Structures are given as structure tokens and as C-alpha cells.
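K.L.:
Mind having a look at this structure? Questions to follow.
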Amino acid sequence: MDLRRSILLLLTLSFLVSSLHASEGDADPIYKSCLDECEESGCAGKICFQHCKFSSDGKPIDGPWYLQEPLYQKWKQWDCRADCRYHCMIAREEQREKHGDKPIKYHGKWPFQRVYGIQEPVAVAFSALSLAVQFHGWLSFFILMNYRLPLRPDKGTYYEYTGLWHVFAVLAMNFWFWSAIFHSRDVEFTEKLDYSSAVALVGYSLILAILRAFNLRDEASRIMVAAPLIAFVTTHILYLNFYELDYGLNMKVCMAMGVAQLLIWGVWAGVTCHPSRWKVWLFVVGGILAVLLRIYDFPPFKGFVDSNALWHAISIPLTCICWSFVEDDAELSTSNLLKKTN
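Numbering (mature numbering (1 follows the signal peptide of the UniProt record, and there is no 0)), first residue to last: -22 to -1, 1 to 320.
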């Protein structure tokens, strides 16, 4: 009896795992028929693709060299299969919309409308804007620390967390850069870089939250906190890049670390007398909303705006609030230390 139950459990788990990698649109017979015909003929309905006449290594099957894909298309890897999948997906979704059916996923992705070859234009725009806002916030912090606030005799800053926030800025800008690239074109290379940079940023943000909330200043305490978290984040990044690019696992890891840092900041804001604690509350509330958007996945409105795009949009004001608090914290800490030395 136990053997039968074990076999039934294994079969159930295997079915669940296989279903995670498949999408409803993949099994649609009309979509599959369109895809098969397109890959054979090079045409999806009335739309034909010149690069379907080329082999996987880019060499022409029947035609001169000057008919090969231009570089602006080749760098995004819009090959024959990718174009066939896209246009068959759009054609099938138009048919489903006429019958009143809701959008479904194809190959694990929602049906987005391309704009000038960009796969998710709204997410790309918000990622680029977040990158610009992040750079502006870091630059403002840099100017504050080096030119507006007094410096130590050795030209160092009085604020103990200056270097840590500089590293945070670099990781944040790196993440938003690769986020824009990934949403422009989703291939394995850009996906790995997007996931890896996201894990690195969230993991480091958790370390920074612990160090600041508990006011850890000595190197020994900081190393004790940072070392195990850095080891965990590094191991996870290596797992994603060299073993399995597991989206579900990566989402769980990022969510766990993200929620943990929101809890730390929320508790700290509740017990501290910091004059800018209200900014931390705003950040925590906005962060919770961002987490909910990551959990609640819905199809893109008109093929452009989905929950991920809205999460990118919310990150813009959250970035402004974050750097505003950091500057206030730096000014307060510097003022308190100068009072003690005088």
C-alpha cells in the first residue's frame, strides 16, 4: 500500500513539474499548426521572413550573402523560429479575442506586442527610467558626501555607511541596465544576467538593511552578518548560471530576501526616533505593493502593460524615497558625530 502511494505521489509531482514548463498556448492546435507551417514555408499567414531561408549558423540556404539578416536584427536573435512563434501567437490571440477568450501564455510568456523589435517596450522604458533615477540619486548622494558635508581630517566621510551605499548604487544600476536588456529581448544569456543581477541586488540590500537597522559599525560584526549571506547569494547565482535556470526557485529566493528586508526596515521605523522614519514607512508600504505585483501575475493590457511593468513603474518613486532617506540619514549621522567631537 505504501509503495502504491509513493508511486502515485511521484507521478503527481512529475506531472506538476512538467506543467510548470508548459503553457496553455503551446498545446493549442491552431497555434501549433501555424508554427509548423511557418517553419517550413517561412511565412505566417501573409507575413514572410527572409531569414527563414538561412540555416542555424547564419549561412544562406538559397540566396546571396547580401540577403542575410541585418545586424540590428541579428544581435537580438530574432531568428526564423522566434519570428514564427511571435506572429503565430499574435494571430492566434486576435482570433481568441474575437471569441471573447482571455489571453494565455505561450512558452511560459504572456503575449506582448513588439515595438521596433523590442519585446516588452513598457517594461524596457520603466527599467531605463529607473536606471536614470538610480544614477541621479547616487550622484546626489555622492555630491552631498564629498562636497556639502564636512569631511574628516583624512578626507573620509563621517557617515559610517557611505561605502556601503556606493556599492548598493552600483548593484542597483547594474540590475536596471540588464533588466532593460532582458525585457528588450528574452534569450538565455540576457535572462541569466537579469536573474543574477536581481539576486545580487536583493541579497546585498538585505545585508545593508541588517547593518543599518542594528547600527553595526565594527568590521567584525559586519563580516559575521555579510559572509553567510554573500556565500548563499553566490551559490544561488552559480546554480542559476551553471546548473539550472529555475525561475520558480529564483522568485522564491528573491521574495524571501525582499520580504525579510522590508520587515527589518518596518520594525526599525517603528522603534526608532529618526526624523525621516516616515520615508522608511513609505518605502515599506511601496515595497509590499511591489511584492504583491510580483506575486499576482496577470496578462498585459492591450499587449503592453502587465504586473511586471507596473512593478518597474513603482520602483521609480521607491528609488527617490530611498535616496532621500539615505541623504537625510547621512546628514543626521554627520551632525551627531560632529557634536560629539566638539
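We treat Cβ as the ideally placed atom computed from N, Cα and C, and that holds for glycine. Bear in mind that the values here come from a model prediction, so they are computed numbers and not experimental data.
Can you find the residues in the same chain that come closer than 7 Å, C-beta to C-beta, to E2, ignoring five residues on each side of it along the sequence?
P.N.:
Excluding positions up to five away in sequence, the list reads I82 and K83.
K.L.:
Figure out for me which residue from R59, L109, A106 and H77 has the closest Cα to the Cα of residue 321.
P.N.:
For residue 321 there is no data in the structure shown, the boundaries of the chain being -22 and 320.
K.L.:
Ignore the nearest five residues each way along the sequence and tell me which others in Y274's own chain have a CB closer than 8 Å to its CB.
P.N.:
Cβ neighbours of Y274 beyond the five flanking positions: S285.
K.L.:
On the premise that V258 lies in contact with A247, defined as a C-beta separation below 8 Å, what is that separation, rounded to the nearest angstrom?
P.N.:
Contact flag correct, Cβ pair sits at about 4 Å.
K.L.:
Looking at the structure shown, is L129 part of a helix, part of a strand, or coil, going by DSSP?
P.N.:
Reduced to three states, the DSSP call for L129 is strand.
K.L.:
Touching or not, the stretch 235 to 250 and the stretch 179 to 194, by the rule of three or more beta carbon pairs under 8 Å?
P.N.:
Short answer: they touch.
K.L.:
Buried or exposed: which applies to Q112, given that a residue is buried once 16 or more other Cβ atoms fall within 10 Å of its Cβ?
P.N.:
Answer is buried; the Cβ neighbour count reaches 16.
K.L.:
Going by CA-CA distance only, name the one from F119, G20 and E71 that's closest to Y9.
P.N.:
The residue with the shortest Cα to Cα distance from Y9 is E71.
K.L.:
Tell me which same chain residues have a C-beta within less than 6 Å of the C-beta of S254, skipping the five on either side of it?
P.N.:
Cβ neighbours of S254 beyond the five flanking positions: F303 and D306.
K.L.:
If we require 4 or more residues per run, which alpha helix (DSSP H) segments fall completely within the stretch 167 to 234?
P.N.:
The stretch 167 to 234 contains these whole alpha helix (DSSP H) runs: 197 to 220.
K.L.:
How close, in whole Å, do the beta carbons of L189 and V203 come, if the pair is a contact with beta carbons under 8 Å?
P.N.:
Contact flag correct, Cβ pair sits at about 6 Å.
K.L.:
Of the residues E15, P89, L107 and L13, which one's Cα is nearest the Cα of W289?
P.N.:
Of the listed residues, the one whose Cα sits closest to W289 is L107.
K.L.:
Using 8 Å for Cβ pairs, my map puts S311 next to E138. What's the rounded Cβ distance?
P.N.:
That pair is a contact at about 7 Å.
K.L.:
Let me know if Y173 comes out buried or exposed under the rule of 16 or more other beta-carbons within 10 Å of its beta-carbon.
P.N.:
Classification for Y173: buried.
K.L.:
Based on Cα-Cα distance, which residue from F167, W143, R163 and L171 lies nearest to W156?
P.N.:
When each option's Cα is compared against that of W156, the closest is L171.
K.L.:
For Q91, which residues in the same chain have their Cβ closer than 7 Å to its Cβ, ignoring the five residues on either side in sequence?
P.N.:
Within the same chain, Q91 has close Cβ partners G281 and F282.
K.L.:
Would you kindly report the start and end of the unbroken alpha helix (DSSP H) that includes E138?
P.N.:
Unbroken run through E138: none, as it is neither H nor E.
K.L.:
Among L270, A187, I215 and R200, which one has its Cα closest to the Cα of V245?
P.N.:
Cα-wise, what sits closest to V245 is A187.
K.L.:
Just to confirm, is the Cβ distance from F104 to I294 under 8 Å?
P.N.:
Yes, the Cβ-Cβ distance between F104 and I294 is below 8 Å.
K.L.:
Would W151 and L122 qualify as a contact pair, given that the criterion is a beta-carbon distance under 8 Å?
P.N.:
Strictly speaking, residue 151 in this sequence is Met, with Trp absent from that position. No, the Cβ-Cβ distance between M151 and L122 is not below 8 Å.
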